[in-house]
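Colleague: Remember, our numbering sits 108 above the position in the sequence shown when you count from 1. C-beta: ideal position from N, C-alpha, C; glycine also. Handing you a structure now.
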Amino acid sequence: MPTLHGAPALHGVGVLVTRPEQQAMSLCRLLENQGASTRRLPAVDIKAVGNRRETAARLGRLEDFDVVIFTSANAVRFGASLLEQRRDLTLAALGPATARALNQSGYRVAVQPESIDSEGLLLHPRLAHPTGRRILIIKGSNGRPFLEQELAQRGAQVVTADVYRRVPAIPSEAALASLLECFLAAALQVITATSLEIAANLLAIAAPALRAEFERAHWLVPGARVAAGVRELGLSAPLLQAASAEDHDLVAALLAWRAAESGA
Numbered sequence: 109m110p111t112l113h114g115a116p117a118l119h120g121v122g123v124l125v126t127r128p129e130q131q132a133m134s135l136c137r138l139l140e141n142q143g144a145s146t147r148r149l150p151a152v153d154i155k156a157v158g159n160r161r162e163t164a165a166r167l168g169r170l171e172d173f174d175v176v177i178f179t180s181a182n183a184v185r186f187g188a189s190l191l192e193q194r195r196d197l198t199l200a201a202l203g204p205a206t207a208r209a210l211n212q213s214g215y216r217v218a219v220q221p222e223s224i225d226s227e228g229l230l231l232h233p234r235l236a237h238p239t240g241r242r243i244l245i246i247k248g249s250n251g252r253p254f255l256e257q258e259l260a261q262r263g264a265q266v267v268t269a270d271v272y273r274r275v276p277a278i279p280s281e282a283a284l285a286s287l288l289e290c291f292l293a294a295a296l297q298v299i300t301a302t303s304l305e306i307a308a309n310l311l312a313i314a315a316p317a318l319r320a321e322f323e324r325a326h327w328l329v330p331g332a333r334v335a336a337g338v339r340e341l342g343l344s345a346p347l348l349q350a351a352s353a354e355d356h357d358l359v360a361a362l363l364a365w366r367a368a369e370s371g372a
């Protein structure tokens with residue numbers, strides 16, 4: 109564990125983790141292992157959508173698809189049952205977390221980009237020239253449409269299956285009051301916003317006093333696209349950019365910031 113002056117590197121740093129409840133714990137553990145204190149306030153809830161039998165009937169024979177793409181770990185969580193335990197399909201995963209979720213469900217990933225975004229996936233030889241291929245994308249209902257649009261523009265026959273949706277979480281008044289107390293007590297210095305949707309939801313639920321504290325904190329975001337988006341939302345707080353939304357990249361960005369702050 110990296111240390112600063114004999115203490116864990118993130119000792120004294122309080123981090124507000126805003127991921128959906130099911131995805132927050134692993135990040136919290138990594139942060140706490142580095143000495144940070146964490147508080148959870150999910151800004152997004154994940155809900156299943158659709159009927160599995162109806163979706164399966166609409167999709168037809170999965171072996172007729174050249175590639176089946178899962179766009180997130182949540183897509184695996186809610187959509188892996190559509191595979192019906194078939195091990196002979198060519199599966200693609202958008203990002204390491206998605207690949208891990210498929211592996212843990214017993215499936216082998218054949219197509220995985222080096223980067224975790226749609227642009228990286230489109231560079232893979234199996235997808236770079238998809239003219240005439242049938243591609244199934246298993247995804248959330250309100251996700252970024254770039255992958256579907258780009259594959260279709262390149263000549264692929266794209267079919268999508270929405271298996272979950274993200275909805276804004278609605279914290280209780282008591283939870284928001286307690287959060288404000290933490291900021292006022294200087295117990296929180298960093299806010300994670302691993303998507304633009306999470307950032308927008310956080311800003312929407314914040315009354316003026318809490319919004320003022322949000323502006324004084326550092327916001328940890330995954331890359332330039334989300335950073336630009338939160339600026340467009342009117343946030344002027346200092347931003348810390350991680351290489352991706354993966355847990356280890358988020359922690360690495362905080363460690364680099366902490367080292368720079370201390371002059372280490």
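1) Can you tell me the Cα-Cα spacing of residue 160 and residue 186, whole angstroms?
2) Where does residue 268 sit, in a helix, a strand or coil, going by DSSP?
3) Considering just the uninterrupted stretch of the beta strand (DSSP E) at residue 148, what are its terminal residues?
4) Should residue 348 and residue 313 be called a contact, given that it needs their Cβ atoms to be closer than 8 Å?
5) Whole angstroms are fine: how far does the CA of residue 239 sit from the CA of residue 172?
6) The beta strand (DSSP E) that contains residue 119, what's its start and end?
7) Any idea if residue 196 is buried or exposed, counting beta-carbon neighbours within 10 angstroms, 16 or more meaning buried?
8) Hey, quick one: how far does the alpha helix (DSSP H) through residue 163 stretch, first residue to last?
9) When you compare only the Cα positions, how much space is there between residue 351 and residue 231?
10) Who are the near neighbours of residue 270 in its chain, counting only those whose CB is closer than 8 Å to its CB and skipping five residues on each side?
11) Report the CB separation of residue 345 from residue 325 in whole angstroms; it is logged as a contact under 8 Å.
12) To the nearest angstrom, report how far apart residue 322 and residue 142 are at their CA atoms.
13) By DSSP, does residue 329 sit in helix, in strand, or in coil?
14) To the nearest angstrom, how far is it from the Cα of residue 220 to the Cα of residue 292?
15) Okay, do the segment 255 to 270 and the segment 164 to 180 touch, 3+ Cβ pairs below 8 Å being the bar?
16) Using the beta-carbon count (16 or more within 10 Å), is residue 125 buried or exposed?
Modeller: In short:
1) Walking along the sequence shown from the start, residue 160 turns up at place 52. Walking along the sequence shown from the start, residue 186 turns up at place 78. One C-alpha to the other measures close to 9 Å.
2) Counted from its first residue, the sequence shown places residue 268 at position 160. DSSP places residue 268 in strand when its eight states are reduced to three.
3) For the purposes of this step, residue 148 is taken as residue 40 along the sequence shown, with counting starting at 1. Per DSSP, residue 148 belongs to the beta strand (DSSP E) from 145 to 148.
4) Within the sequence shown, numbered from 1, the residue matching residue 348 stands at position 240. Within the sequence shown, numbered from 1, the residue matching residue 313 stands at position 205. Going by C-beta atoms, residue 348 is not nearer than 8 Å to residue 313.
5) Position 64 of the sequence shown holds residue 172. Position 131 of the sequence shown holds residue 239. If you take the alpha carbons of residue 172 and residue 239, they lie about 15 Å apart.
6) In the sequence shown, residue 119 corresponds to position 11, counting from 1. From DSSP, residue 119 is part of no beta strand (DSSP E); its letter is neither H nor E.
7) The residue given as residue 196 occupies position 88 in the sequence shown. By the neighbour-count rule (16 or more Cβ atoms within 10 Å), residue 196 is not buried but exposed.
8) Within the sequence shown, residue 163 is the residue found at index 55, counting from 1. Residue 163 -> alpha helix (DSSP H) spans 160 to 167.
9) Translated into positions along the sequence shown, residue 351 becomes position 243. Translated into positions along the sequence shown, residue 231 becomes position 123. Roughly 19 Å separates the two Cα atoms.
10) The count along the sequence shown starts at 1 and reaches residue 270 at position 162. Cβ within range, chain order: 157, 158, 247, 248 and 249.
11) Position 237 of the sequence shown, counted from the start, is the residue given in the question as residue 345. Position 217 of the sequence shown, counted from the start, is the residue given in the question as residue 325. Going by Cβ atoms, the distance from residue 345 to residue 325 rounds to 6 Å, so yes, they are a contact pair.
12) For the purposes of this step, residue 322 is taken as the residue at position 214 of the sequence shown. For the purposes of this step, residue 142 is taken as the residue at position 34 of the sequence shown. Roughly 23 Å separates the two Cα atoms.
13) Looking up residue 329 in the sequence shown gives position 221. In the displayed model, residue 329 falls within a strand according to three-state DSSP.
14) Here residue 220 corresponds to residue number 112 of the sequence shown, with the count starting at 1. Here residue 292 corresponds to residue number 184 of the sequence shown, with the count starting at 1. Cα to Cα, the separation comes out at about 44 Å.
15) Under the 8 Å Cβ criterion, the segment 255 to 270 counts as touching the segment 164 to 180, having at least three qualifying pairs.
16) Looking up residue 125 in the sequence shown gives position 17. By the 10 Å Cβ count, residue 125 comes out buried.
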